[in-house]
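Numbering (the working numbering), first residue to last: 107 to 447. Cβ atoms here follow ideal geometry from the backbone N, Cα and C, with glycine treated the same way. Each remark here refers to the structure printed beneath this line.
Set out below in structure tokens:
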């Protein structure tokens, strides 16, 4: 692969981009892949994951660690994935707080960022052949259909959890397709990204303090099996989907970009700011998760009241979100294309 040597500042900003992608991956409706696309490291991400293959495995088992490190573009992967993981367990807590207390404004900012992203990506797209136009329409249609689907019920079968890992990680590799929202549709968002993560953090805290009582806790071990299976599915999905995407990007680049533009446009239906939750009800009572929170079934979208001051503030945040993306564009954050030798 053709790469430029990164400076220390480049590495710092790459870690920050990973932080942003990690926070986005946890929010239903927002795609980490879209963040990587807008911030200019999407194609390198896909091609780096493609390098995790049989050749890399041979380099590793033969002890050629430096060659393995360079071959898989490990500096890039460690910075991006490290930032993403750090964000998921730290910075995203702030995001969760903002969503709980300023939900309308947060969704408005996301909506504006996606609008700005559509402009950012589309302005460099100049191949308006019929097949590419159809690709945009296809992507937008699929994105809209996904946004209005009703979620399934929770399923903790480990094979299904592994499948959730494969599909849920799509948010990192498919711009405009939110992995978290897909998990909501599959019924396992709370199980996998809330309950199991909380149990994992609790277990790690116990291990650090020398408390190994979780070994005898059947329920805790069950959640640990679930998060381990989900992680394995995610890792497999990252490599598998990236190999497919790398192949199609190399051969049908403009068509893939067209479909991505469509996906991102269709995802506007998911992040529409003016919506209210519809909660699952059983026998006249709200269903609750393990933390006592109501389980979301879907969203009811509505048009805003333009005489309401909150609506005007929300519109300001939409403009602010779009402005952030336009500033990125103005100050020269360009997509870097990494081409296989």
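When beta bridges are read from the DSSP output, residue 387 appears opposite 392.
Contact annotation: the stretch 114–123 does not touch the stretch 270–280, with fewer than three C-beta pairs closer than 8 Å. When DSSP reads this structure, residue 407 sits in a beta bridge with 381. The beta carbons of residue 128 and residue 193 sit closer together than 7 Å.
Taking the CA atoms as reference points, residue 383 sits about 10 Å from residue 400. The Cβ atoms of residue 343 and residue 249 do not sit closer than 7 Å to each other. Setting aside the 5 residues that flank it on each side, residue 338 is surrounded in the same chain by 268 and 271, each with a C-beta closer than 7 Å to its C-beta; the list follows chain order.
Residue 368 sits close to residue 242, with the two beta carbons spaced by under 7 Å. Taking C-alpha positions only, residue 152 is separated from residue 351 by approximately 7 Å. Residue state for residue 123 is assigned as helix, using DSSP reduced to three classes. Shown here, residue 400 sits in a strand according to DSSP, grouped into three states. Looking only at 413, 387 and 286, the smallest Cα-Cα distance to residue 131 is reached by 286. Taking residue 332 as the centre and dropping the five residues before and after it, the same chain places the C-beta of 262, 264, 267, 297, 298 and 302 closer than 8 Å to its C-beta, in chain order. In this structure, DSSP gives residue 238 a helical state, which the three-state scheme calls helix. Straight across, the Cα-Cα distance linking residue 409 with residue 423 is about 17 Å. Taking each of 190, 260, 316 and 426 in turn and checking the Cα distance to residue 294, the smallest one comes out for 260. Using a 10 angstroms sphere on the CB of residue 255, the tally of other CB atoms stays under 16, which defines it as exposed. Fully contained in the stretch 137–178 is no beta strand (DSSP E) run of length 3 or more. With 16 or more other CB atoms across the displayed protein chains lying within 10 angstroms of its CB, residue 156 is buried.
Check the Cα spacing between residue 140 and each of 214, 176, 220 and 360: the tightest is with 220. The straight-line gap separating the alpha-carbon atoms of residue 314 and residue 203 is approximately 27 Å. When DSSP states are grouped into helix, strand and coil, residue 417 belongs to the helix group. Short of 8 Å from the beta carbon of residue 335, and not among the five residues preceding or following it, lie these beta carbons of its own chain, in chain order: 264, 267, 268 and 271. Here DSSP, grouped into helix, strand and coil, assigns residue 233 to coil.
Between the alpha carbons of residue 175 and residue 421 lies a distance of about 46 Å. For residue 213, the uninterrupted alpha helix (DSSP H) run begins and ends at 209–228, by DSSP. Residue range 324–357 is occupied by the alpha helix (DSSP H) that includes residue 357. In the three-state reduction of the DSSP assignment, residue 292 falls in the coil class. Note that the C-beta distance between residue 244 and residue 377 is not below 7 Å.
DSSP, read as helix, strand or coil, puts residue 412 in coil.
Contact between residue 427 and residue 113 fails: their C-beta atoms lie close to 29 Å from each other, not under 8 Å. Closest in alpha carbon position to residue 419, among 209, 187 and 362, is 209. Counting along the chain, residue 274 sits inside the alpha helix (DSSP H) bounded by residues 264–274. Distance from the CA atom of residue 358 to the CA atom of residue 233, rounded to whole angstroms, is 12 Å.
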